[in-house]
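A.B. asks:
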Amino acid sequence: MRSYSGVFVRKRADEGTAGRFRGNIVLRGFRWAVVPAFSLLILFVGAGCSRQSFETWDSVDVFSHYLDGRIPRLMKQYGVPGVSVALVRGGEVVWSSAYGYADLEHNRKMTVDSIYRVESISKSVTAWGVIRLVEQGRVDLDAPVQQYLGNWKPPESGYSWQKVTVRRLLSHNAGMPLGTIGMEYSPQSDMPSLRETLLHEAQLIREPGSGFLYSNTGFNLLELLIEEVTGRDFAEYMTDEVLTPLGMTHSGFSWNDALFPAIPTGYDLQGAPVPMYVYPAKASGGLFAPVEDIARFVAAGMTGSYYSDHAVLGRKGIRKLHTPQVDIPGIFGFVADSYGFGHFIENLPDGRRAVWHGGQGHGWMAHFHAVPESGDGIVILTNSQHSWPLMAQVLNDWARWSGFDSVKMGRITYAIIALRVLIGMLVLISLWQLIRLVQGLRNGSRRLAPLSGDFRKVRLLQVALGIGVILALVWSVTQPYLVVSSIFPGTANWAGISFFVLAVIMILSALFPPVEERIKQNGYQ
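Next up, the structure:
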């Protein structure tokens, strides 16, 4: 046993008093820091919340007046240059408006006639083209797609192409991959043909029929089906058989300098302008359209008493589009329950179904939501990849106005709030740890001794965790596109900064442990 002298006892007592004094300093410092930090957290979390100034089933004039104030505020908050919106009520397009700029550099205003890349909304329109062939008896939904592809032969696969049916392609249940992102070409440049593209992209990566797997490639294969069955160019067929009969006279699947003289400029996640581009394949994301044309498309998909005989699809054909074919798991399941033919499907609390589709490309975002049984719908088009939070909040407003309470896409709003709360917690924890670290270094209770003490393994794990977080953040910064950055523009950056700061403080705290651990190591208990 080690004996203690009176001097040592007094020293320990003095150290105890000093320790309590230092603890009080740390506590007071934390209190002074936490008050402004907590105030900033309240402002941060509350950003974007607005007081509702309309009631359910108010007139279109009342709700549109609300949107005229609401949307510009959201555009400013999220850095969205331009937005076009249209409302469908009673199965008819009743209102549309445009906000902001089509081109920031040239101060060109957005208008309701502005032509957007509507990206994956193209899938919903393509599905109409396929189901039209089904209604004409020219295509069997449950037949292997290969029998409609002429002399095109799919790549070798460990799975059976006989199980790849038209039904499964229309519902993302064919086991095909998403496809290569970023295959962008100038409209005037040479590019691979559809067949060449599919030869590389049309791979089977899992058993056909084994479940939902979102696939651009699958819909591009349907583009080839349409061309082989009809003997016509896909864009020409879609214009003559679907777009023009639905009144979508300013829309098209192929680039046309005369048709699109003033298309807006798209802006990426960094706010940089994106040169106009096209894809080698069109069916999955190649449609160009103004907001009112997409609203006409939405109106044409209404059912019941709101069905309009547009000579494209009959009532049964539209019901096929909106009938669930496959349940949706994973991240897509957060915003939809199932997928039909070219449409996400959401089961509303009152028993009705909402159908929708979104679209996102390099510099563009688009979304439509509709409840076919009630005749209600909304279309939101933007020229920015910052638009998901804006869309979610406008969709929540539209749902309340239409009497649906909320729609699942609106959950993005709550996810943003949750992320902001997490950021606030990280900031408070970082402040607390930083104050403890700085105070310890100033008064000598912490020293550089990374390998000392009984908690060496814990500190090594702490350093490893901090380095792991930093490496993950560095990796994320080097990626050309991250879904989280698109869903949480701006907020995701703050989350990254918060994690980085906390990781650095964790590492420093492990490298500079409290001196008390060294005392215990020497046997002074």
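The numbering used here applies: residue 29 is where the sequence shown begins, and numbers increase by one.
The C-beta atom is built at its ideal place from N, Cα and C for all residues, glycine as well.
Could you tell me whether the region 232 to 243 touches the region 342 to 361, using the rule of 3 or more Cβ pairs below 8 Å?
C.D. replies: yes
A.B. asks: Do you know how far the Cα of A339 is from the Cα of A394?
C.D. replies: Here residue 394 is taken as the residue at index 366 of the sequence shown, counted from 1. Here residue 339 is taken as the residue at index 311 of the sequence shown, counted from 1. So the two alpha carbons sit approximately 26 Å from each other.
A.B. asks: Give the DSSP bridge partners of W392, in chain order.
C.D. replies: Reading the sequence shown from its first residue, position 364 is the one you call residue 392. In the DSSP output, where bridge partners are listed per residue, W392 has G389.
A.B. asks: Which class does H397 belong to by DSSP, given the choice of helix, strand or coil?
C.D. replies: In the sequence shown, the residue the question calls residue 397 occupies position 369. Residue state, collapsed to three classes: strand.
A.B. asks: Quick one: Cα of G51 to Cα of L469, how far?
C.D. replies: Residue numbering aside, residue 51 sits at position 23 when the sequence shown is read from its first letter. Residue numbering aside, residue 469 sits at position 441 when the sequence shown is read from its first letter. Residue placement at G51 cannot be trusted, given a pLDDT of 46 that sits under 50; what the coordinates show is reported in the next sentence. Rounded to whole angstroms, G51 to L469 spans 13 Å at the Cα level.
A.B. asks: Would you grab the beta carbon distance between N424 and G403 for me? Rounded to a whole angstrom, and I think it's under 8 Å.
C.D. replies: Counting from one through the sequence shown, the residue named residue 424 turns up at place 396. Counting from one through the sequence shown, the residue named residue 403 turns up at place 375. Actually they are not in contact, since the Cβ atoms of N424 and G403 sit about 20 Å apart, beyond 8 Å.
A.B. asks: Can you grab the Cα-Cα spacing for the pair L447 / R136, in whole Å?
C.D. replies: By one-based count along the sequence shown, residue 447 stands at place 419. By one-based count along the sequence shown, residue 136 stands at place 108. Approximately 35 Å between the Cα atoms of the pair.
A.B. asks: Answer yes if the region 241 to 254 comes into contact with the region 120 to 138, meaning at least three C-beta pairs across the two stretches below 8 Å, and no otherwise.
C.D. replies: no
A.B. asks: Please report the straight-line C-alpha distance between M304 and H278, rounded to a whole angstrom.
C.D. replies: Counted from its first residue, the sequence shown places residue 304 at position 276. Counted from its first residue, the sequence shown places residue 278 at position 250. Counting only the Cα atoms, H278 lies some 18 Å from M304.
A.B. asks: In the DSSP assignment, the beta strand (DSSP E) including V565 goes from what residue to what residue?
C.D. replies: Past the boundaries of the shown model lies residue 565; the chain is included only from 29 to 553, so the question cannot be answered.
A.B. asks: Would H414 be called buried (16 or more neighbouring beta carbons within 10 Å of its own) or exposed?
C.D. replies: Against the sequence shown, residue 414 aligns to sequence position 386. Label assigned to H414: buried.
A.B. asks: Classify P541: buried if its beta carbon has 16 or more other beta carbons within 10 angstroms, exposed otherwise.
C.D. replies: Working through the sequence shown from its first residue, we reach residue 541 at position 513. Buried is the call here.
A.B. asks: Per the contact definition of three or more C-beta pairs closer than 8 Å, is the region 184 to 198 in contact with the region 224 to 235?
C.D. replies: Taking 8 Å as the limit for Cβ pairs, the verdict is that the region 184 to 198 does touch the region 224 to 235.
A.B. asks: Would DSSP call P541 helix, strand or coil?
C.D. replies: Position 513 of the sequence shown, counting from 1, holds the residue named residue 541. The answer is coil: DSSP assigns P541 none of H, G, I, E or B.
A.B. asks: Thinking C-beta only, is W384 closer than 9 Å to H397?
C.D. replies: Taking the first residue of the sequence shown as 1, we reach residue 397 at position 369. Taking the first residue of the sequence shown as 1, we reach residue 384 at position 356. Yes, the Cβ-Cβ distance between H397 and W384 is below 9 Å.
A.B. asks: Suppose the cutoff is 6 Å on Cβ atoms and the five residues either side in sequence are ignored; what does the same chain contact list for R546 look like?
C.D. replies: The residue you call residue 546 lines up with position 518 of the sequence shown. Any reading at R546 must be qualified, since the residue scores a pLDDT of 47, below 50, and its modelled position is unreliable; no value is offered.
A.B. asks: What does a CB cutoff of less than 6 Å around A328 pick up in its chain, not counting 5 residues either side in sequence?
C.D. replies: Here residue 328 refers to the residue found at position 300 of the sequence shown. The residues are L274, H338.
A.B. asks: Can you look up W384 in the DSSP assignment and give me helix, strand or coil?
C.D. replies: Within the sequence shown, residue 384 is the residue found at index 356, counting from 1. In the structure shown, W384 sits in a strand (DSSP, three-state: E or B).
A.B. asks: What are the start and end residues of the beta strand (DSSP E) that includes N424?
C.D. replies: Residue numbering aside, residue 424 sits at position 396 when the sequence shown is read from its first letter. Careful: N424 lies outside any beta strand (DSSP E), inside the alpha helix (DSSP H) at 416 to 430.
A.B. asks: Could you check what DSSP says for Y213 in three-state terms: helix, strand or coil?
C.D. replies: Working through the sequence shown from its first residue, we reach residue 213 at position 185. The answer is strand: DSSP assigns Y213 an E or B state.
A.B. asks: Output the boundary residues of the beta strand (DSSP E) element that contains T410.
C.D. replies: Within the sequence shown, the letter at position 382 stands for residue 410. Taken as a continuous stretch (DSSP letters only), the beta strand (DSSP E) holding T410 covers 404 to 410.
A.B. asks: Suppose only complete runs of 4+ residues qualify. What are the alpha helix (DSSP H) ranges in the region 474 to 528, listed by chain order?
C.D. replies: 484 to 506, 511 to 515
A.B. asks: R160 to L315, Cα distance in whole Å?
C.D. replies: As a working mapping, residue 160 is identified with position 132 in the sequence shown. As a working mapping, residue 315 is identified with position 287 in the sequence shown. About 18 Å.
A.B. asks: Can you tell which of W123, V497, M204, G370 has the C-alpha that lies nearest to the C-alpha of W426?
C.D. replies: Position 398 of the sequence shown, counted from the first residue, corresponds to residue 426. Proximity to W426 across W123, V497, M204, G370 peaks at W123, based on C-alpha coordinates.
A.B. asks: What separation, rounded to the nearest whole angstrom, lies between the Cα atoms of D96 and F528?
C.D. replies: Reading the sequence shown from its first residue, position 68 is the one you call residue 96. Reading the sequence shown from its first residue, position 500 is the one you call residue 528. Between the alpha carbons of D96 and F528 lies a distance of about 39 Å.
A.B. asks: Specify, as a first and last residue, the run of the beta strand (DSSP E) that R117 falls within.
C.D. replies: Taking the sequence shown and counting its residues from 1, one reaches residue 117 at position 89. 110 to 117 is the extent of the beta strand (DSSP E) around R117.
A.B. asks: Between M534 and L489, what straight-line distance do the alpha-carbon atoms span, to the nearest angstrom?
C.D. replies: To locate residue 534, count along the sequence shown from 1; it is residue 506. To locate residue 489, count along the sequence shown from 1; it is residue 461. Distance from the CA atom of M534 to the CA atom of L489, rounded to whole angstroms, is 10 Å.
A.B. asks: Which residues mark the beginning and the end of the beta strand (DSSP E) in which F372 is found?
C.D. replies: As a working note, residue 372 is residue 344 in the sequence shown. Where F372 is concerned, the enclosing beta strand (DSSP E) stretches over 372 to 375.
A.B. asks: Contact between the region 137 to 147 and the region 155 to 170: three or more CB pairs below 8 Å?
C.D. replies: With the cut-off at 8 Å, the region 137 to 147 and the region 155 to 170 do not touch.
A.B. asks: Using the three-state DSSP reduction, which class does D355 fall into: helix, strand or coil?
C.D. replies: Counted from its first residue, the sequence shown places residue 355 at position 327. Correct three-state label for D355: strand.
A.B. asks: Starting from K348, follow the alpha helix (DSSP H) in both directions and report where the run begins and ends.
C.D. replies: The residue given as residue 348 occupies position 320 in the sequence shown. Segment 343 to 349, the alpha helix (DSSP H) holding K348.
A.B. asks: Counting only the same chain and skipping the five closest in sequence on each side, list residues whose C-beta sits under 7 Å from that of I498.
C.D. replies: Residue numbering aside, residue 498 sits at position 470 when the sequence shown is read from its first letter. Cβ neighbours of I498 beyond the five flanking positions: F528, A531.
A.B. asks: Give me, in chain order, the residues of the same chain whose beta-carbon lies closer than 6 Å to that of R345; leave out the 5 immediate sequence neighbours on both sides.
C.D. replies: Locating residue 345 in the sequence shown gives position 317, counting from the first residue. Per the sequence shown, the amino acid found at residue 345 is Gly instead of Arg. Within the same chain, G345 has close Cβ partners I159, E163.
A.B. asks: Pull up the distance between the alpha-carbon of H390 and that of G361, whole angstroms please.
C.D. replies: Taking the first residue of the sequence shown as position 1, residue 390 is located at position 362. Taking the first residue of the sequence shown as position 1, residue 361 is located at position 333. Rounded to whole angstroms, H390 to G361 spans 24 Å at the Cα level.
A.B. asks: Does the separation of the CB atoms of I495 and S112 fall below 9 Å?
C.D. replies: Within the sequence shown, residue 495 is the residue found at index 467, counting from 1. Within the sequence shown, residue 112 is the residue found at index 84, counting from 1. No, the Cβ-Cβ distance between I495 and S112 is not below 9 Å.
A.B. asks: Do the CB positions of G313 and N244 come within less than 9 Å of each other?
C.D. replies: Counting from one through the sequence shown, the residue named residue 313 turns up at place 285. Counting from one through the sequence shown, the residue named residue 244 turns up at place 216. Yes. Within cutoff.
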